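Q: Shown below is the structure under consideration.
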Ligand code: DGL
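Residue numbers (the numbering used here): 4 to 276.
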């Protein structure tokens, strides 16, 4: 018999980067089916105005909702920063989870001194969503935010470690850490940044904890799924399907850097917005 529990969890991002969040979700919820949409035709969201990102996020979420999902995860930091309230209202009572609040929780847990650096896209930094979310949990926190746009291109190119990645990380981060030596936690506030973790760690050193919102987001999603909405174990393997608004072949080629496993070409479908 058909039941809501069998529906997939819908996950969307501006492109392939949100696959880092999908990876954590699959680890936390191995029995769940997932439907992932990458808006590859309109990436990047990080340089666009909040109004445009809100409109794109709504259209992208609509495709997932029309296909049938039991929950919506906004894997994109930029879209979470500017569109979560709008999407929660628009698709109520469907639960909608973003990555900013879980990322802020992880940052507060990782920082002893409350001196936190957030690196993200221009759009996420401009809106100040991470600062607000961190201060809501720890009002005395000192939060610095900076955009690191080149990291997105580096990650998509697969140049995630070695001298080029480290040189760029050094150029972005060293001046801030020299000015604020008390920083003890750094939030990877963009879907693409977790794959650059090693290059970033090589620059910031072991005294700065690197915080990735993916695992905390997965824990929030798991906590929100009541028993009767969970897909049972023991049945057929859960489905994993992908939708892309452009270039499915590129999705198949670049996606594995972020997902951590191969993507079958037949599992990616082109959709139009
Ligand atoms: N997904 C975006 C984010 O997490 C990064 C890529 C983009 O700018 O669209 O902010």
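By construction, the Cβ of each residue, glycine as well, lies at the ideal position given by its N, Cα and C atoms.
No experiment lies behind these values; they were computed from the predicted model shown.
For residue 271, which of helix, strand or coil comes out of DSSP?
A: strand
Q: Comparing C-alpha positions only, which one of 107, 157 and 268 sits nearest to residue 118?
A: Selected option, being the one with the closest Cα: 107.
Q: Within this structure, are the beta carbons of residue 276 and residue 41 separated by less than 9 Å?
A: no
Q: Given a cut-off of 9 Å on the beta-carbon distance, is the pair residue 103 and residue 78 in contact?
A: no
Q: Going by the C-beta, is residue 153 closer than 8 Å to any heavy atom of the ligand DGL?
A: no
Q: Return the chain-ordered ranges of every beta strand (DSSP E) run that is complete within the region 170-249 and spans a minimum of 3 residues.
A: 188-192, 212-215 and 243-247
Q: What does DSSP give as the partner residues of residue 39 in its beta bridges?
A: 14 and 245
Q: If you draw a straight line from the C-alpha of residue 250 to the C-alpha of residue 273, how long is it?
A: 7 Å
Q: Measuring CB to CB, does residue 211 end up less than 9 Å from residue 180?
A: yes
Q: Pick from 206, 12 and 183: whose alpha carbon is nearest that of residue 170?
A: 206
Q: Is there at least one non-hydrogen atom of the ligand DGL closer than 8 Å to the beta-carbon of residue 82?
A: Residue 82: yes, Cβ under 8 Å from the ligand DGL.
Q: Whose CA, out of 75, 43, 39 and 60, lies closest to the CA of residue 223?
A: That would be 75, whose Cα lies nearest to the Cα of residue 223.
Q: Return the CA-CA distance between residue 73 and residue 38, expressed in angstroms with no decimal places.
A: In this model, residue 73 and residue 38 are separated by some 10 Å (Cα to Cα).
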